[in-house]
Structure formats: structure tokens, C-alpha cells
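Here's the structure, in C-alpha cells; my notes come after.
Protein chains: 2
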Amino acid sequence: MAAWNACNIPITQKLRASNKRMEMKFSATVACRDCALYQTAKVLGLETPDCSSLNRVVLRDHPVNKNEVLYREGDSFRYLYLVHSGSCISSATILGRKSQVMGFYLPGEIAGIENIGQSLCNHTTRVLEKGSVCQLDFLMLEETLKQDELIRVQSYLLGASAIHARQLQWERSLTGLQSAEQRVAAFLLNLAGRFQSHGFPADRFRLPMSREAIADYLGLAMETVIRTLKNLHNRKLISSQTKNIEILDGDALSDLIRS
Amino acid sequence: MAAWNACNIPITQKLRASNKRMEMKFSATVACRDCALYQTAKVLGLETPDCSSLNRVVLRDHPVNKNEVLYREGDSFRYLYLVHSGSCISSATILGRKSQVMGFYLPGEIAGIENIGQSLCNHTTRVLEKGSVCQLDFLMLEETLKQDELIRVQSYLLGASAIHARQLQWERSLTGLQSAEQRVAAFLLNLAGRFQSHGFPADRFRLPMSREAIADYLGLAMETVIRTLKNLHNRKLISSQTKNIEILDGDALSDLIRS
DNA sequence: ATGTAAATATGATCCAGATCAACAGTTGTC
DNA sequence: GACAACTGTTGATCTGGATCATATTTACAT
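Same order as they appear, the protein sequences are chains A and B. Heads up: the first sequence begins at 815 in the numbering used here, then just goes up one per residue. Heads up: the second sequence begins at 815 in the numbering used here, then just goes up one per residue.
Written out as C-alpha cells, the structure is:
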């Protein structure tokens, strides 16, 4: 199963703190063993010695560039994308308005999962930071499968879409948070948890998305996001250097949300 | 299939308009042929001549009283409830905060569907207006089914949870609506659409939930909801008499959301 | 009917956050 | 390496909606 080996490409990045330069490495590549698509493949029973089933339905480690569109609203649904490195943003035009950011896919997460059970894509998903994805041909998968495998696959997908529903429900609960500070804090903690669940440090990560995208996602103005981050930084709850975030006092952040 | 017959219990209700009394009837009972659980039963292949499979897993037309709890957060997931008449409210304690209203179930909709794919209930659902529900034993259903029926059932549930996910996604997009007016307008139009899709008039319905619940649901203060409804009423976009809503200019409401 | 509790409504005040504007810093390109 | 274009940052102003206080209406039980 060589194609599933880890391919850790650390993202090196220079940032200026006060006057002196310092180098920080925020690894943002998921080891294949930890990735959700690997779990998917395992559950689907595709982890056979010869990988023949898998070869037919998976396009592995496909490089993607910034702003590349994985799928567009209205496309017929066919592929799932395991984000191997880099990250994606998904948006939709809901309620007849301008496109709104609906969510982000971090390394280790499956883009396209929100389309399961539907014939058309209802989101547009594009690459935020260049990286690589594994593409799984969902339609061909279903055709390839033997009858007795189908039950297992569908059971699994029920679970997978439940995971997505849980995140959706979390996002839905943002509506109930009235203050900008609470929303930003919840956002950071959610990201931290997702990074952690894919094997990355929870307290130190790079924001893949722009301030504008965060603002749209949280239903705030970009300036408010910036000021809130700065405020949390000044109060030493986080350290925020443009896209680099360090969570200094996670408990305090949690308390913010609760109050 | 006698138990699936319609049982229309019109909710008669007095309301005072200006100085004179007038009687209005807002029927809020779904005809069984139109109800989602009937569709469910049909798709699940339970519509056999003798109904034996169905009898084993469905408790029909069970009366429920106001404030009765159908299921509670943390309960193990077992039943789906088709709301036959009356309505339900579901809430959850997310992000460690006080309970927040997550949604409503109108006649014809399936309470508990958000638990599909999970072992525990993550919402608490209680009856808003007394009525009756059909209770489907989800666990027993799975045990009862023959192997070859299981595929069809799971395919169906994939679709059913996708419907729920679509509503969740709609709710999630409320976060992007900045003004109270837009949120209230979106809420009313969403309700109207759901009533219509279950065979009720879209432009005239009774709000099953309190102003407080609406406010919580939309992330607004109760006073704001009241004032916004009154404002829309004054501008003749709706007619709002406590719980009785009439949509006078749906297009204008849609425009509000878009702007 | 009638009393009581709950739900709904309205008024007054105040502040968080939107908006507008100007500027700095960063990234990518030729 | 210099320019252009995007992204992020800061300041000043103003308003929508939260909050608190209080009144009125409706729902329900007796």
C-alpha cells in the first residue's frame, strides 16, 4: 500500500515578530495512515493486498493549485476529495444572496462529503493553499462493488454524513452566539480540535483562510475579526501573527463561549 | 391501511382583529397519504397487504400533550416520530452553553431524523402544541428486515438524512444574514415552504412556537422579533396577529433577504 | 365567567459592531 | 527588483439591536 505512505511536506514560513525574524514550521500535511480517506478505504473493504479495487476508483496524491476549483455548485456529484495537504474553502449561494462561505476542509478531511445523498453539488469548493488531494470516484465505486459490499459502504456513508452533519450543527449553533468574541473563540477552538483530530498540534496552527473568509463564515465584518483577534492577542489568550495562531489559554477561550 | 387514513382535526381559534371578533381555522393536521412517514413506509417496502412488518415497528397515532418530551439529549437513539398533528421544538446544549433552539418539526415532518447514524440523541425534542405522532421503532425495524430489504432501507435513510442536512444548511446560512428583518423574513418563508410541502396553504398559517423560541432560533432578542414582525405588518408585507401569520407579499419578503 | 400566570407588546437607553476611509504590509509577476 | 494587486490593519462615526423596565393581552384552569 505504498501510495498511502506519509509524504510530509512541511510548510516553512517566515514571519516577523517585533524586530527579529524567526522561522516557524507549521506542518500541514496529514500522514496517510491518519487520513479520513484511508479510513474510508479501510471501512469500504478496499484494503485488499493487490489494491485493484482501490486503483480503479482513486486518483492518488493529485497536486492542486491555489484557487483551483474541485467542484462547482450545480455540477453533478461524482467525486470525493481527501485533502492530503493544503486546504479548501467551500461556499454556496443560499437564500438567493451573494455567495457565502459555508466551511473549510483541512488536511485529513473529505471535501465533497456534503453532497452525499444528492445528485448535484450544492457547494463550490476551491483550493485555499496549494497541496494535494486524493480523488475518489464515488460513482465508479458504487458500480465496482459487489452486492454484499454495498451494505457496508452505505452503512459507512451514513456514518460519514453524520460526521458532516455534526459539524454543520456546530456551525448552525454559531447563530446563537451573540458576541463577535464568542464566535471567533468558538471558531479557533473548532479549528484546533479538527487539527488535533488529524494528528496536528491543537495549540499552534496556521490559518489557511483570509480574514475576509473568516468574517463571512462567522457572519461578522472583516474589521471586527481583525480587532477581536488583536484583542485576544493583547489579553494573552492567543498569539496572533497574521495567519499564525497559537492558543495560549484554551480554557479561557472556552469560558468566553460559555458566558 | 386504515390507520393511515386522514384524521383532520382543525384547530379552531378565536382572534380579535381591531374591535370585532372573527373566527379563523388553521388546519394543522397532515393527511396520512401526504405524510413523510407514510412515504418512509412505502419506500421501506412495508406497505404489504397484511401490514405485519409495519405493525411490529409502528405505534400509530399516539396522542401527545404539550411539553411532553419525545426524546432527550443523551438518550440512546431508537425511535423516529412522524408528527401527525401538533408540532415539536428541538433544542440542544451546544458549545457548553444554555440550551439553544435548534429547530422545529411541523406536521408531516419526522422528528428524530437528526439522530440517524448516531447511537445517542443529541437533541431534546418536546411537544409545542398537543397532537398526535406515529412512532417508528428504528432498532426493531433493522432487526425485522430481511437482508435484501436492508439495502433499500439504508438508501432511503441516506436520502432522508440528506433532506435534514439541507434544512440544517439552510439554518446554518442564517448566520450570514446580518439584519433582524432578513432573518425573520427568511424564517417566515422557510416555514411557509415547509407548510406548503406538506399540503397546507403557504400564505396563511399559525406559528406553533413562542416569540422567545423564534428569537432563540434566529439568534435575536425576543423584543426584536416582536418589533420586526410588527414592522413587516405595518408595511403590509405580512399580517401578524400574535401566532397567526398571513404572508401578503412573499416577493417583497424574498427581496428583503436578497438585498 | 373570572382570576392568574404566561406570553406578548412597547418605551427608553446604550453599546457592540457595521461602515467608511485611509494606510501599511504582503504576494505575486514581468 | 519594482510595480501592481491583493490582504491586512487602524481610526472615526453612527446605527441596529440588546437590555432593562413596565404595561397589556392571551391562555388556561377552576
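In this text, a Cβ means the ideal position worked out from N, Cα and C, and glycines have one as well. Computed from a predicted structure; not experimentally measured.
Can you give me the start and stop residues for the beta strand (DSSP E) that S905 of chain B sits inside? Y893 to A906
Under 8 angstroms, CB to CB, which of the residues in the segment 895-912 of chain B have a partner in chain A? A906, I908, L909, G910 and R911
Restricting to runs no shorter than 3 residues, where is the beta strand (DSSP E) found entirely within the segment 1034-1073 of chain A? 1052-1055 and 1058-1061
What are the residues of the segment 970-999 of chain A that lie near chain B, defined by any Cβ-Cβ distance shorter than 9 angstroms? L971, L972, G973, A974, S975, A976, I977, H978, A979, R980, L982, Q983, W984, E985, R986, S987, L988, T989, G990, L991, Q992, Q996 and R997
From I1040 of chain A to R1025 of chain A, what distance separates their C-alpha atoms? 7 angstroms
Mind checking the segment 934-965 of chain B against chain A and listing, in chain order, the residues whose C-beta falls within less than 7 angstroms of any C-beta there? L964 and I965
Close beta carbons around E943 of chain B, own chain, < 6 angstroms, minus the five adjacent residues each side: G900, S901 and P1022
Between I1052 of chain A and L1005 of chain A, what straight-line distance do the alpha-carbon atoms span, to the nearest angstrom? 14 angstroms
Relative to the alpha-carbon of M954 of chain A, which residue among A:V941, A:F1014 and A:V872 has its alpha-carbon at the smallest distance? A:V872
How is the alpha helix (DSSP H) around S975 of chain B delimited, first residue to last? Q961 to R986
Identify the contact partners of M916 of chain B in chain A, using a Cβ-Cβ distance below 8 angstroms as the criterion. Q983, R986 and S987
Are the segment 963-980 of chain A and the segment 1008-1018 of chain A touching, with three or more C-beta to C-beta distances below 8 angstroms? no
Proximity below 9 angstroms, CB of L909 of chain A to CB of I1028 of chain B: no
Give the DSSP bridge partners of I924 of chain A, in chain order. A:L896
So with CB distances below 8 angstroms, who are the chain B contacts of I784 of chain A? Examination of residue 784 of chain A is not possible in this model, given that chain A is present from 815 through 1073 alone.
Is G917 of chain A helix, strand or coil by DSSP? strand
Pull out every residue of the segment 1043-1073 of chain A whose Cβ sits closer than 8 angstroms to any Cβ of chain B, in chain order. S1068, I1071 and R1072
Tell me the residue span of the beta strand (DSSP E) that contains Q1010 of chain A. Where Q1010 of chain A is concerned, there is no enclosing beta strand (DSSP E), although the alpha helix (DSSP H) it sits in stretches over A994 to S1011.
Contact belief for L964 of chain B with I930 of chain A at Cβ below 8 angstroms, rounded distance in angstroms: Between I930 of chain A and L964 of chain B the Cβ distance is about 18 angstroms, and since that is not below 8 angstroms, they are no contact.
Which same chain residues, not among the five before or five after Y919 of chain A, have their C-beta less than 6 angstroms away from its C-beta? V897, C902 and A925
Which chain A residues sit within Cβ distance under 7 angstroms of N1033 of chain B? For the record, residue 1033 of chain B in the displayed sequence is Gly; it is not Asn. Near G1033 of chain B (Cβ distances below 7 angstroms), the residues of chain A are T989, G990 and Q992.
Please go through the same chain and pick out, in chain order, the residues whose beta-carbon is closer than 7 angstroms to the beta-carbon of R1049 of chain A, but skip the five residues on each side of it. none
Under 7 angstroms, CB to CB, which of the residues in the segment 1000-1013 of chain A have a partner in chain B? A1000
Apart from the five residues on each side of it in sequence, which residues of its chain come closer than 7 angstroms, Cβ to Cβ, to E978 of chain B? Rather than Glu, the amino acid found at residue 978 of chain B in this sequence is His. For H978 of chain B, where only same-chain residues beyond five positions count, the Cβ hits under 7 angstroms are I927 and E928.
In this structure, does DSSP put M838 of chain B in helix, strand or coil? With a pLDDT of only 35 at M838 of chain B, under the threshold of 50, the placement of this residue in the model should not be trusted; the figure read from the coordinates follows. Three-state result, M838 of chain B: strand.
Assuming L950 of chain B and Y893 of chain B form a contact by the criterion Cβ under 8 angstroms, report the distance between their Cβ atoms to the nearest whole angstrom. 6 angstroms
Would you please state the rounded distance, in angstroms, between the beta carbons of A906 of chain A and E887 of chain A? I believe it to be under 8 angstroms. 6 angstroms
Taking the alpha-carbon of R1020 of chain B as reference, which of B:K1057, B:N936 and B:W984 has the nearest alpha-carbon? B:K1057
Along the beta strand (DSSP E) that carries T989 of chain A, what are the first and last residues, could you check? No beta strand (DSSP E) holds T989 of chain A; DSSP gives it neither H nor E.
Does DSSP classify R940 of chain B as helix, strand or coil? strand
Cβ neighbour criterion (16 or more within 10 Å) applied to Q961 of chain B: exposed
Any idea what DSSP makes of R1025 of chain A, helix, strand or coil? helix
Please confirm if D889 of chain A has its CB atom under 9 angstroms from at least one CB of chain B. no
Which one of A:Y1031, A:R940, A:R980 and A:T989 has the shortest CA to CA distance from C935 of chain B? A:R980
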